[in-house]
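These notes are about the structure you will find just below.
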Amino acid sequence: MEFNENKGGKPFKASPFILMFRLPRRLWLAWRHRAYSRKVLARLSDAQLKDIGLTSEDVKKYR
């Protein structure tokens, strides 16, 4: 096996400019997913929440 065939990939292929926007975008997307989940959970009835092991107080606590 030649040296070039055994060489690992570059860990930082993207430019620093792209990397600068990647983390804030991921944080924003995670925040949006959590907000959507809270909205969906708020619409469920007490019986539905009980099925998944939550109460309406649990949902209100994270609003």
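Per the working numbering, the sequence shown runs over residues 79 to 141. Idealized CB from N, CA, C, for every residue including glycine.
Exercise. Go to residue 134, then tell me how far its alpha helix (DSSP H) extends in each direction, as first and last residue.
Key: 134-139
Exercise. Output yes or no for whether 8 Å exceeds the beta carbon distance between residue 140 and residue 121.
Key: no
Quiz item: Considering only the beta carbon of each residue, do residue 127 and residue 118 sit closer than 8 Å?
Solution: no
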